[in-house]
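Start counting at 1 in the sequence shown, then tack on 500, and there's your number in the working numbering. Backbone N, C-alpha and C fix where the C-beta goes; we use that ideal spot for every residue, glycine too. The block underneath contains the structure these notes are about, expressed in structure tokens.
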Amino acid sequence: MKYVFLATDDNKMQLYHLLLNAVNFHEKGHEVVAVLECASPRLLIGIADGTIKLPIFDNAMKLGIIDHACKACTTTFSATEAADKLGVPLKGELKGHSNLLKFVEAGFSILTF
501 MKYVFLATDD NKMQLYHLLL NAVNFHEKGH EVVAVLECAS PRLLIGIADG
551 TIKLPIFDNA MKLGIIDHAC KACTTTFSAT EAADKLGVPL KGELKGHSNL
601 LKFVEAGFSI LTF
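Shown next, in the form of structure tokens:
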């Protein structure tokens, strides 16, 4: 099956559990992507500068699970430099924000935390 794990809050434990499950689904053979929307891109700043320790993030990046962060939200929280440093792509096909419809049309189910 196909799943989008949608992060929306700037809570590091929420992101940890979201990525933990995304990696688990991936390892069990599911097609998985994670999208950082709303306030969650703010966490990229702490991850990039090391004030937030989240090794699962690096693992998810290596596995190619993190599809993108919302361009508008990342910009709003001044996290663009952090996203660049971490290698997180920015997308904003829907008036600057993530277009979740493209995932649904491709057969993905959306899971939020």
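Exercise. For the beta strand (DSSP E) that contains L611, what are its first and last residues?
Worked result: Its beta strand (DSSP E) spans residues 608-612.
Exercise. Using the beta-carbon count (16 or more within 10 Å), is I610 buried or exposed?
Worked result: That one is exposed.
Exercise. Taking the alpha carbon of A606 as the point to measure from, which residue in L515, V533, P555 has its own alpha carbon closest?
Worked result: When L515, V533, P555 are compared, the shortest CA-CA separation from A606 is found for V533.
For this session: Kindly list the residues whose CB is nearer than 8 angstroms to the CB of L639, restricted to its own chain and excluding five residues on each side of it in sequence; keep chain order.
Result: The chain is shown only over 501 to 613; residue 639 falls outside these bounds and no answer can be derived.
Exercise. Under 9 angstroms, do F505 and I565 count as touching if we go by C-beta distance?
Worked result: At the C-beta level, F505 and I565 come within 9 angstroms of one another.
Problem set entry | T551 classed as buried or exposed, judged by whether at least 16 other C-beta atoms fall within 10 angstroms | The C-beta of T551 has fewer than 16 other C-beta atoms within 10 Å across all chains shown, which makes the residue exposed.
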